[in-house]
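J.: Got a structure for you, questions after.
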Amino acid sequence: MLTPDQTVELRGRLEAELTRLAANAHHALDFTMDRDRDRIGRDSMDESTEEELYSTQLRLHDRETFVIVKIREALKRLEDGNIDECEECAEPIGFKRLMARPVATLCFECKSAREQVEADEPIE
Ligand SMILES: [Zn+2]
Numbered sequence: 256m257l258t259p260d261q262t263v264e265l266r267g268r269l270e271a272e273l274t275r276l277a278a279n280a281h282h283a284l285d286f287t288m289d290r291d292r293d294r295i296g297r298d299s300m301d302e303s304t305e306e307e308l309y310s311t312q313l314r315l316h317d318r319e320t321f322v323i324v325k326i327r328e329a330l331k332r333l334e335d336g337n338i339d340e341c342e343e344c345a346e347p348i349g350f351k352r353l354m355a356r357p358v359a360t361l362c363f364e365c366k367s368a369r370e371q372v373e374a375d376e377p378i379e
């Protein structure tokens, strides 16, 4: 269980991350709009390069959306008061680990055990 101070600190960490990602997502949207505007009067020579760039941007955007969902879930767990609880063994995850990886849902031991059988979580 986190102390009230730790809860505040972790919430700040999560919200800062969310703000950063939201700014990036906004950037991706700008890119989409610029692209549509640029289409007028553009010849088809650089169409494939443009498509490639665009799909890269979208993939990045998808990944960011995924992380945003993870952070929202973490904020909900924080409000519910169980963010520090390992979803596997219900032992405390630990404040230091949460500050390093606020979307962690497993304690270090369970995480290490799981890494033996599957690839690492996509979020660092
Ligand atoms: Zn555990």
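Numbering (our numbering), first residue to last: 256 to 379.
By construction, the Cβ of each residue, glycine as well, lies at the ideal position given by its N, Cα and C atoms.
#1: E379 to L276, Cα distance in whole Å?
#2: Buried or exposed: which applies to D339, given that a residue is buried once 16 or more other Cβ atoms fall within 10 Å of its Cβ?
#3: Which parts of the segment 310 to 379 are runs of the alpha helix (DSSP H), unbroken and 4 residues or longer, counting only runs that do not cross its ends?
#4: Just to confirm my understanding: we take M256, look at its own chain, exclude 5 residues before and 5 after, and list those with CB closer than 8 angstroms. What are they?
#5: Considering Cα atoms alone, identify which of C341, Q371, V372, A278 is closest to V358.
T.: On the basis of the supplied data:
#1: Taking the first residue of the sequence shown as position 1, residue 379 is located at position 124. Taking the first residue of the sequence shown as position 1, residue 276 is located at position 21. In this prediction, E379 scores a pLDDT of 46, lower than 50, which makes its location untrustworthy; the coordinate-derived value is nonetheless stated afterwards. When rounded, the separation of the alpha-carbon atoms in E379 and L276 is 14 angstroms.
#2: Stepping through the sequence shown from its first residue, residue 339 is reached at position 84. When all chains shown are included, D339 counts as buried.
#3: Fully contained in the segment 310 to 379 are the following alpha helix (DSSP H) runs of length 4 or more, in chain order: 350 to 355, 363 to 370.
#4: The sequence position of residue 256 within the sequence shown is 1, counting from 1. Excluding its 5 nearest sequence neighbours in each direction, M256 has C-beta neighbours in its own chain below 8 angstroms: G336, D339, P347, listed in chain order.
#5: Stepping through the sequence shown from its first residue, residue 358 is reached at position 103. Checked all of C341, Q371, V372, A278; the closest Cα to V358 is C341.
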